[in-house]
Amino acid sequence: MKKFFTDFYGVGTVGERGQVVIPAEAREKMKIKSGDKFVFFGHAEILHIIKAEKLDSVLAKIAEKFNSKINNLRNKIKKDKKEEETND
Numbered sequence: 026m027k028k029f030f031t032d033f034y035g036v037g038t039v040g041e042r043g044q045v046v047i048p049a050e051a052r053e054k055m056k057i058k059s060g061d062k063f064v065f066f067g068h069a070e071i072l073h074i075i076k077a078e079k080l081d082s083v084l085a086k087i088a089e090k091f092n093s094k095i096n097n098l099r100n101k102i103k104k105d106k107k108e109e110e111t112n113d
């Protein structure tokens, strides 16, 4: 299983106008430059920030994992049904 947190880059600060300063190490590693666009998602108290140009590939990976989990669940249900039928 992958680690949830893989890198820690430091702390960003929100300025008076709502702008966030992204730590230099994160900007370098993620190849973030001035003018890049981002998409923001939130859940509870967690904020996810994804480069807009990467959104399609990120969503495709999420859909792939989701579909895999659904297929595993379907297979388990089928298996459980067969076992019940053979036990009857």
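Be aware that the sequence shown starts at 26, since it is given in this note's numbering, and climbs by one per residue. C-beta: ideal position from N, C-alpha, C; glycine also. All values reported here derive from a predicted model rather than from experimental measurement.
Query                                                                                          : Result
Given Phe-33 as reference, the closest of Phe-63, Val-39 and Ala-51 once Cα atoms are compared : Ala-51
For Gly-37 and Val-48, believed in contact at Cβ under 8 Å, the rounded distance               : The amino acid occupying residue 48 in the given sequence is Pro; Val does not appear at that position. The pair is a contact, with the Cβ atoms about 6 Å apart (cut-off 8 Å).
C-alpha distance - Lys-58 paired with Val-64, whole-angstrom precision                         : 15 Å
Own chain, CB closer than 8 Å to Leu-80, minus 5 neighbours either side, in chain order        : Val-64
Separation of Gln-44 from Asp-105, as counted between CA atoms                                 : 53 Å
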